[in-house]
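Here's the structure we're looking at; comments come further down.
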Amino acid sequence: MPSTLAWIASARLEEVVGKLQVARNLIIEGCDRNPKSEDLWLESVRLHPPDTAKAIVAAAVRSLPNSVRIWMKAAELEEDLKAKKKVFRKALEQIPTSVRLWKAAVELEEPEDARILLTRAVECCSTSTELWLALARLETYENARRVLNRAREHIPTERQIWISAARLEETRGQSDMVDRIIERAITSLKANMVEINREHWLKDAVDAEKANCKLTSQAIISHVLGIGVEEEDRKHTWMEDAESFVAQEAYECARAVFAHALLVFPTKKGIWFAAAHFERNHGTTESYDQLLQKAVEKCPKAETLWLMYAKSKWLAGDVKASREILARAFQNNPNSEEIWMAAVKLESENNEFQRARKLLEKAREIAPSPRIYLKSV
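In the UniProt record's numbering, the protein residues as written are 1 to 377.
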């Protein structure tokens, strides 16, 4: 007896040379001889006009009542919405464990009917993360929490359920719950022998940010960033992570990376510079200034950070604040030519020539250099 592929190949050859009826006759014969072949039935449906195709798919369903593909094709052939729904109802009576059929059936329903259908779906397909999450999205806050808790019981190895729970709490303003949920997620998944795939979780953080769940993305990053990274590689790896997030326009994720890196390395000037550069390009004047304020507290000998901070205040028109910042910079870096020159420039740019002259006098005493003497001329 010719194989399934042989029947299909023969029919397609006749179709290609324009002998469509011969092709149809061949494929019908193939179905008669191989009534348990999904591929032959589906090929027969393809070769026939819609009305005939419906009769063929009905025969196919009788021969293969547990074929998801054939039931899907039967629904596809129906143009009327009610008729499509009826096909899916029959299909699900026959194959209640098919996630694909449940998803297709749910897509045809309005939210309330979809919710009712999904409630039944998760009973029949209790290990389908997709169906549980779809149900949670359609439920009220309290019910969604219950749904996600039940989902965790059925699928204790699925991170997306935990992340959805964190996002749910964030959208309801329960910000204190978010970090706790992500922390528990990592602990629970490890206890269930699940490998914490850093790359997958960082992608989840980006997805959370895109869904306006900033706290969830921050929590993910703070708990996952160090996983699988050698101690000596942390700084380099984390700066690469921040760059990657910026390239994806996931700015909250990048900000969270810098925040975590600075917790671990609070006195690393390079990280403060990178974080400041990020805030200048992607943050606000306020976030930039706040970061520099912390930076000079942690790295008081980093004159460039002081100069960036003073310049930011000056550009914002706050000469007094800029002057105060430079005064603090002097206390920590009394011999810095750059800070002296910046202070002189600040006063001269604001027509405070007397102040500028006094500063130059002091500079010649404390930090004499050719540049300072040249500026004094």
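Ideal Cβ placement from N, Cα and C applies to all residues, glycine included. Bear in mind that the values here come from a model prediction, so they are computed numbers and not experimental data.
Keeping to the same chain, check which residues put their C-beta closer than 8 Å to that of residue i; ignore five residues upstream and five downstream.
| i | result |
| --- | --- |
| THR127 | HIS154, ILE155 |
| GLU183 | ALA219, HIS223 |
| PRO368 | Confidence is the limiting factor: at PRO368 the pLDDT is only 49, short of 50, which leaves the residue's position unreliable, though a coordinate-based value still follows. Taken in chain order, the list of residues that qualify is empty. |
| SER3 | none |
| GLN94 | PRO65, ASN66, TRP71 |
| ILE161 | THR129, TRP132, LEU133, LEU148, ALA151, ARG152, ILE155 |
| GLU252 | GLU209, LYS214, SER217, GLN218 |
| ILE325 | VAL296, TRP306, TYR309, ALA310, LYS313 |
| ALA75 | LYS84, VAL87, PHE88, ALA91, ALA104 |
Could you give the residue range of the alpha helix (DSSP H) that holds residue i?
| i | result |
| --- | --- |
| GLY228 | First-last for GLY228: undefined, no H or E at that position. |
| ASP143 | One detail in the question is off: residue 143 reads as Asn in this sequence, not Asp. Residues 141-154. |
| VAL122 | 111-124 |
| ASN25 | 20-33 |
| LYS203 | 198-210 |
| ILE325 | 319-332 |
| ASP241 | 234-247 |
| THR187 | 175-191 |
| SER44 | 38-47 |
| MET253 | Strictly speaking, residue 253 in this sequence is Cys, with Met absent from that position. It spans 251-264 - the alpha helix (DSSP H) in which CYS253 sits, taken as one unbroken run. |
| THR157 | From DSSP, THR157 is part of no alpha helix (DSSP H); its letter is neither H nor E. |
| ILE95 | Premise fails: ILE95 is in no alpha helix (DSSP H) and is neither H nor E. |
| ILE297 | Note on residue identity: the sequence assigns Glu, not Ile, to residue 297. From DSSP, the alpha helix (DSSP H) with GLU297 extends over 285-298. |
| THR129 | 129-138 |
| PRO50 | 50-63 |
Looking at C-alpha atoms only, which residue of the options is the closest neighbour of residue i?
| i | options | result |
| --- | --- | --- |
| MET193 | GLN248, ASP113, SER322, THR157 | THR157 |
| HIS200 | ILE227, LYS294, ARG24 | ILE227 |
| ARG280 | LYS313, ALA261, GLU297, LEU77 | LYS313 |
| LYS73 | SER37, ALA58, GLU286, LYS82 | ALA58 |
| ARG89 | PRO266, SER3, TRP71 | TRP71 |
| GLU112 | GLU93, LYS268, ALA134 | ALA134 |
| ARG120 | VAL147, VAL87, THR140, MET177 | VAL147 |
| HIS282 | LYS268, LEU262, HIS260, ARG255 | ARG255 |
| GLY173 | CYS253, TYR141, SER188 | TYR141 |
| residue 378 | ALA276, GLN21, VAL68 | Past the boundaries of the shown model lies residue 378; the chain is included only from 1 to 377, so the question cannot be answered. |
Taking the straight line between their C-alpha atoms, what separation do you get for residue i and residue j?
| i | j | result |
| --- | --- | --- |
| HIS236 | THR216 | 24 Å |
| ALA302 | ASP289 | 16 Å |
| VAL264 | GLU249 | 24 Å |
| LEU291 | THR284 | 11 Å |
| LEU202 | GLU195 | 14 Å |
| LEU13 | LYS84 | 33 Å |
| ARG152 | ALA165 | 10 Å |
| VAL26 | LEU40 | Residue identity differs from the one stated: residue 26 is Leu in this sequence, not Val. Spanning the two alpha carbons is a distance of roughly 10 Å. |
| LYS375 | ARG328 | The pLDDT assigned to LYS375 is 46, lower than 50, so where the model puts this residue is not dependable, and the model offers no usable value. |
| LEU307 | LYS210 | 35 Å |
| GLU139 | LYS320 | 55 Å |
| ILE8 | LYS36 | 14 Å |
| LEU101 | LYS82 | 16 Å |
| CYS31 | SER44 | 8 Å |
| ARG137 | ARG159 | 16 Å |
| GLU29 | GLU38 | 14 Å |
| GLY317 | ALA310 | 11 Å |
| ASN34 | GLU15 | 20 Å |
| ARG198 | ALA242 | 14 Å |
| ALA91 | SER188 | 37 Å |
| GLU231 | ILE116 | 50 Å |
| SER63 | GLU110 | 33 Å |
| ARG234 | ASP179 | 22 Å |
| ALA185 | LEU108 | 34 Å |
| HIS48 | ALA6 | 19 Å |
| ILE221 | SER287 | 20 Å |
| HIS277 | LYS294 | 14 Å |
| THR304 | ALA259 | 20 Å |
| GLU78 | ASN212 | 39 Å |
| ILE56 | ILE181 | 52 Å |
| ALA114 | VAL206 | 28 Å |
| VAL106 | LEU315 | 57 Å |
| ALA275 | GLU240 | 12 Å |
| LYS190 | MET177 | 20 Å |
Please work out which residues of its chain come closer than 7 Å, Cβ to Cβ, to residue i, disregarding the five sequence neighbours upstream and downstream, and give them in chain order.
| i | result |
| --- | --- |
| PHE330 | ILE339 |
| PRO96 | CYS124 |
| THR267 | LYS298, CYS299 |
| LYS19 | none |
| PRO50 | LEU77 |
Go through its chain and collect everything with a Cβ distance to residue i's Cβ below 6 Å, but skip five positions before and after it.
| i | result |
| --- | --- |
| ILE163 | ASP204 |
| VAL99 | CYS125, SER128 |
| LEU168 | ALA144 |
| ALA60 | TRP41, ILE70 |
| TRP238 | VAL257, ALA261 |
| ALA11 | ALA23, LEU26, ILE27 |
| ASN333 | GLU303, ILE339 |
| VAL246 | ALA254 |
| LEU225 | HIS260 |
Examine chain C for any beta-carbon lying closer than 8 Å to the beta-carbon of residue i, and answer yes or no.
| i | result |
| --- | --- |
| ALA83 | The structure shown has no chain C; it contains just one protein chain. |
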